[in-house]
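Structure first, then comments.
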Amino acid sequence: MRRRPAESGAAEHRRRILAVVARIPRGRVASYGQVAALAGLPGRAREVGRVLAGLAEESRAPWQRVVNAAGRVSPRGLFGDEAHQRRLLEAEGVRFDSRGRIDLDRQGWDPRPESPGARRRGR
DNA sequence: ATGCTGACCAGGC
DNA sequence: TGCCTGGCCAGCA
89 MRRRPAESGA
99 AEHRRRILAV
109 VARIPRGRVA
119 SYGQVAALAG
129 LPGRAREVGR
139 VLAGLAEESR
149 APWQRVVNAA
159 GRVSPRGLFG
169 DEAHQRRLLE
179 AEGVRFDSRG
189 RIDLDRQGWD
199 PRPESPGARR
209 RGR
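And the structure:
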């Protein structure tokens, strides 16, 4: 059995974080903290941000589906990038209110096994 | 080693 | 509603 010698963590964490991000359904969003928790790293939202910040542009990971706990696209220094993320999300159906926020109660991802896209609450 | 930064977050006002 | 604070911890100088 190949154990995990050295594990070093970082690479391992990165792998798990991206695995979770890959599960976020189209048209839904998850917060950094939520992704961290699902990846087995509760309380380490910042690590999720770091990993996403290091993604290559050609990455297939749906990084745009990760937003902050306030339901907003996190500011990141470079202006255009935020607008880009917002456009990608709107293109897949995510709606923002007039103040640039996403209603997490309605569009936040609920990883419950049963409901694949399952919006809680009809409509 | 030490100190600071950061695509974060929950809690307190 | 929004601002501040303390907590978190992996990189980097």
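Numbering (the numbering used here), first residue to last: 89 to 211. Glycine is no exception: its CB is placed at the ideal position from the N, C-alpha and C atoms.
Pop quiz: residue i and residue j are said to be a contact at Cβ under 8 Å. What is the actual Cβ separation, rounded to whole angstroms?
| i | j | result |
| --- | --- | --- |
| residue 195 | residue 176 | 14 Å between Cβ atoms; not a contact. |
| residue 136 | residue 120 | 4 Å |
| residue 150 | residue 110 | 7 Å |
Using a Cβ-Cβ cutoff of less than 6 Å, which residues in the same chain neighbour residue i once the five nearest sequence positions on both sides are dropped?
| i | result |
| --- | --- |
| residue 141 | none |
| residue 206 | Any reading at residue 206 must be qualified, since the residue scores a pLDDT of 49, below 50, and its modelled position is unreliable; the value itself is stated next. Answer for residue 206: no residue qualifies. |
Nearest to residue i by alpha carbon, out of the options?
| i | options | result |
| --- | --- | --- |
| residue 104 | 119, 113, 129 | 129 |
| residue 155 | 99, 107, 191, 146 | 191 |
| residue 199 | 117, 98, 106, 149 | 117 |
| residue 134 | 145, 148, 162 | 162 |
| residue 185 | 164, 158, 169, 201 | 158 |
Using the DSSP secondary-structure output, state which residues sit across from residue i in a beta bridge.
| i | result |
| --- | --- |
| residue 158 | DSSP, once it has assigned bridges, lists no residue as partnering residue 158. |
| residue 118 | 154 |
Output needed for residue i: all residues of its chain with C-beta closer than 8 Å, excluding positions within five of it in sequence on either side, in chain order.
| i | result |
| --- | --- |
| residue 127 | 101, 104, 105, 107, 108, 136 |
| residue 183 | 190, 191, 195 |
| residue 181 | 114, 115 |
Leaving aside the five residues before and after residue i along the sequence, list all residues of the same chain whose C-beta is less than 7 Å from its C-beta, in chain order.
| i | result |
| --- | --- |
| residue 167 | none |
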